[in-house]
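Chains as they are written, first to last, in this note's numbering: chain E, 38 to 295; chain X, 40 to 285. Each residue gets a CB set at the ideal place from its N, CA and C atoms; glycine is no exception. First up is the structure itself, then whatever we jot down about it.
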Amino acid sequence: MSLKRIALPLIVAVGLVVSVGLVTSPVTHAANAAESAVGLGNAGSFAVLAASTVTNTGATAVSGDLGVNAGSAVTGFPPGTVNNGTIHATDTLSGLAQNDLVTAYNDAAGRTPTTSGLTVLDGKSLVPGVYSGGALALNGGTLTLNGTANDVFIFQAASGLVVASGSKVALLGGASACNVFWQVASSATIGTTASFVGTVMAHTSISVDNAATVNGRLLAQTGAVTLINDTITRPTSCVTAAVGTPATPVPGRARFTG
Amino acid sequence: MNSRRRAAILAGALIATALLSGCGRLADGVVPSAASGTPTPAASATPAPPPAVGTSATATVARLTVYASLGGTVKLTLANPSPTGGPLTLLVLQSSNGWLEVQLPDRPNGSRGWISASQVTLHSLQYDLRVSTEQNTLSLFRDNTLVKTYSVATGTGGTPTPHGSFYLTELLAPSNTGYGPYAFGLSAFSTVLTSFGGGPGQIGLHGTNDAASIGKAVSHGCIRMSNIDITTLAGLLPLGTPITIE
Chain E
38 MSLKRIALPL IVAVGLVVSV GLVTSPVTHA ANAAESAVGL GNAGSFAVLA
88 ASTVTNTGAT AVSGDLGVNA GSAVTGFPPG TVNNGTIHAT DTLSGLAQND
138 LVTAYNDAAG RTPTTSGLTV LDGKSLVPGV YSGGALALNG GTLTLNGTAN
188 DVFIFQAASG LVVASGSKVA LLGGASACNV FWQVASSATI GTTASFVGTV
238 MAHTSISVDN AATVNGRLLA QTGAVTLIND TITRPTSCVT AAVGTPATPV
288 PGRARFTG
Chain X
40 MNSRRRAAIL AGALIATALL SGCGRLADGV VPSAASGTPT PAASATPAPP
90 PAVGTSATAT VARLTVYASL GGTVKLTLAN PSPTGGPLTL LVLQSSNGWL
140 EVQLPDRPNG SRGWISASQV TLHSLQYDLR VSTEQNTLSL FRDNTLVKTY
190 SVATGTGGTP TPHGSFYLTE LLAPSNTGYG PYAFGLSAFS TVLTSFGGGP
240 GQIGLHGTND AASIGKAVSH GCIRMSNIDI TTLAGLLPLG TPITIE
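Here's what the structure looks like:
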């Protein structure tokens, strides 16, 4: 048998194995330098931020600012409550926050993945890094994030994020909710009684079903945030000192000394 | 480098270090106390950022309460947005366990006060400005490295531009003539004029419709630049940016 006749099938076989592996298994890349947290700027004070509407049903408790911009509809507060913050309906702060959210979203989306091809998160125990996938799903199981308080976890979903009912994100080793970020290119859904951790930055909308708990933020760029009897708590000991952005000029009469 | 600017840069670096280590946002409702300890930076796995030029604090509440000292009485409250419509922004001088000492946009020049860190959003600053009234120049620095020096007009002998360490408080797109396309307000006030043009004698950094005045000591205390130069700065500088006038 000639070398050529042996080599060709071998190359094809190896190629098939590699191709299948790329499709079905996450691929781990060379480790990046330790990731820095995503700077949220003015969005950092918000527990809930939407573009069009924030709609609540029932006794949702939000800790942190709640806002919309450029829509103005915030409904369901009360019976929902906002503590450690206020409601910002298309005011200056919510506008700045939405601007900063765009920056933060793009920052997260632009990070180089340490692992790509991720889909189902159930049962995984992950170290700090950047994890990318198409549609990310937690189907009722537990995702464990293992790191110190300064370690950063960034998830990039090229389409949606679906967290099914009863799912849980657990922190181990001192990992902080401050440093968990979910960049979602479409919309995110968090199911009934799920216990979720991290800042969700969704390009479109975020829907949280009945009695879920979020230790983080729900930030929607262009759509709505919908809540039902949930508990949303903005982490309170996070890095907030992003680099300042150029001032926005305000039209008006100048009265300086000239 | 004068001692005040050096102190501000050192404070910025310390504050940024503390913030980057997770000490940036602290509990609400704590009464200021001189006994409070300074936050201790924790070890971080991330590479050290360049030393911060400073830290700005932008109010997240409609009225920001300013205390005279740690554990002291209320000094004043500041409206947010500021009277000219922009976000109320202050320059942080130092931090102490959830409280921030800030420079105030108020007379006398260099006024200070303490605010709760829970009522502001913090940003680190990369740029600072240094003005020479002797040379009639303004130098732009990024991370303490000179970017460019501009020719400016400053105050006359009778209406001098005050010396000291200040910051940019606001940015207007003036609807009245004489200020060019953009005008920054400073936390500095004229030491001669208590009012001017319906305002409180606040010093500005702005453009002009009198290009021939650039490079001369001809103003009422404001710092004038060419309209092209002020447009450049307006597209670059955050509120809170330190400006030192010597």
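Looking only at its own chain, which residues have a Cβ that is under 6 Å from the Cβ of serine 150 of chain X, when we skip the five neighbours before and after it?
Closer than 6 Å at Cβ, skipping near neighbours: Leu143.
Confirm, please, whether the CB-CB distance from serine 258 of chain X to threonine 208 of chain X is below 8 Å.
Contact: no.
Only counting runs of 3 or more residues, tell me where the beta strand (DSSP E) segments fall wholly within the segment 123 to 168 of chain E, in order along the chain.
Listed in chain order, the complete beta strand (DSSP E) runs (minimum 3 residues) inside the segment 123 to 168 of chain E are 124 to 126 and 152 to 157.
Tell me the rounded alpha-carbon separation between glycine 76 of chain X and threonine 104 of chain X.
Legend: pLDDT at glycine 76 of chain X = 29, less than 50; position of this residue unreliable, no value from coordinates given.
For leucine 182 of chain E versus valine 199 of chain E, is the C-beta spacing smaller than 8 Å?
No, the pair does not count as a contact, with Cβ atoms beyond the cut-off.
Looking at the structure shown, is alanine 87 of chain X part of a helix, part of a strand, or coil, going by DSSP?
With a pLDDT of 37 at alanine 87 of chain X, under the threshold of 50, the modelled position of that residue is not reliable, and no figure is offered here.
Valine 105 of chain E to proline 120 of chain X, Cα distance in whole Å?
Taking the straight line from one Cα to the other gives about 18 Å.
Taking 8 Å as the CB-CB cut-off, is threonine 77 of chain X touching chain E?
In this prediction, threonine 77 of chain X scores a pLDDT of 28, lower than 50, which makes its location untrustworthy; the coordinate-derived value is nonetheless stated afterwards. No, no contact with chain E.
Note down, in chain order, every chain E residue with its Cβ under 8 Å from the Cβ of glutamine 165 of chain X.
Simply Val280 and Gly281.
Helix, strand or coil: which one does DSSP assign to isoleucine 242 of chain X?
Strand, per DSSP.
Using a Cβ-Cβ distance cut-off of 8 Å, determine whether aspartate 144 of chain E contacts chain X.
Aspartate 144 of chain E does not count as touching chain X.
Alpha carbon to alpha carbon, what distance is there between threonine 198 of chain X and alanine 107 of chain E?
Each residue's Cα considered, the two are about 45 Å apart.
Mind checking whether asparagine 248 of chain X and threonine 283 of chain X have CB atoms under 8 Å apart?
No; because the gap between Cβ atoms is not below 8 Å, this pair is not in contact.
Kindly identify the DSSP beta-bridge partner or partners of histidine 202 of chain X.
Answer is none; histidine 202 of chain X lacks a bridge partner.
What first and last residue would you give for the alpha helix (DSSP H) that runs through threonine 282 of chain E?
Note, threonine 282 of chain E: premise wrong, no alpha helix (DSSP H); not H, not E.
How far does the alpha helix (DSSP H) with isoleucine 11 of chain X in it extend, from its first residue to its last?
No statement about residue 11 of chain X is possible, as the shown extent of chain X runs from 40 to 285 and does not include it.
Return the bridge partner residues of glutamate 209 of chain X from the DSSP annotation.
DSSP output for glutamate 209 of chain X lists X/Gly224 as bridge partner(s).
My output table needs one value for asparagine 79 of chain E: the three-state DSSP class, helix, strand or coil.
Correct three-state label for asparagine 79 of chain E: helix.
Out of X/Ala96, X/Gly152 and X/Leu139, state which residue places its alpha-carbon closest to the alpha-carbon of threonine 112 of chain X.
Of the listed residues, the one whose Cα sits closest to threonine 112 of chain X is X/Gly152.
In the DSSP assignment, the beta strand (DSSP E) including isoleucine 9 of chain X goes from what residue to what residue?
Residue 9 of chain X is absent from the structure shown; chain X starts at 40 and stops at 285.
Mind checking the segment 140 to 174 of chain E against chain X and listing, in chain order, the residues whose C-beta falls within less than 9 Å of any C-beta there?
The segment 140 to 174 of chain E vs chain X, Cβ under 9 Å: Pro165.
Which of the three DSSP states, helix, strand or coil, is assigned to asparagine 93 of chain E?
In this structure, asparagine 93 of chain E counts as strand in the three-state DSSP scheme.
In terms of residue numbering, what span does the beta strand (DSSP E) encompassing threonine 181 of chain E cover?
Unbroken beta strand (DSSP E) run through threonine 181 of chain E: 179 to 183.
Residues in the same chain with beta-carbon distance under 7 Å from proline 288 of chain X, minus the five sequence neighbours each way, listed in chain order, please.
Chain X is shown only over 40 to 285; residue 288 of chain X falls outside these bounds and no answer can be derived.
Give the interface partners of leucine 276 of chain X over in chain E, defined as CB-CB distance under 8 Å, in chain order.
What leucine 276 of chain X touches in chain E: Pro283 and Ala284.
Out of curiosity, what's the CA-to-CA distance linking glutamine 241 of chain X and threonine 294 of chain E?
Taking the straight line from one Cα to the other gives about 6 Å.
Out of E/Gly197, E/Ala74 and E/Ala98, which has the shortest C-alpha to C-alpha gap to arginine 271 of chain E?
Comparing Cα-Cα distances from arginine 271 of chain E to each of E/Gly197, E/Ala74 and E/Ala98, the minimum goes to E/Ala98.
Residues in the same chain with beta-carbon distance under 6 Å from glycine 181 of chain X, minus the five sequence neighbours each way, listed in chain order, please.
Checking the sequence, you will find arginine at residue 181 of chain X rather than glycine. So the qualifying residues of the chain are Gln165 and Tyr166.
Look at the alpha carbon of alanine 145 of chain E and the alpha carbon of leucine 255 of chain E, and state the distance between them as a whole number of angstroms.
Roughly 15 Å between the two C-alpha positions.
Assign asparagine 121 of chain E to one of three DSSP states: helix, strand, or coil.
Asparagine 121 of chain E: coil per DSSP, three-state reduction.
Going by DSSP in three states, leucine 59 of chain E sits in which element: helix, strand or coil?
The predicted model places leucine 59 of chain E with a pLDDT of 37, which falls under 50 and marks its position as unreliable; any figure quoted below should be read in that light. Helix at leucine 59 of chain E.
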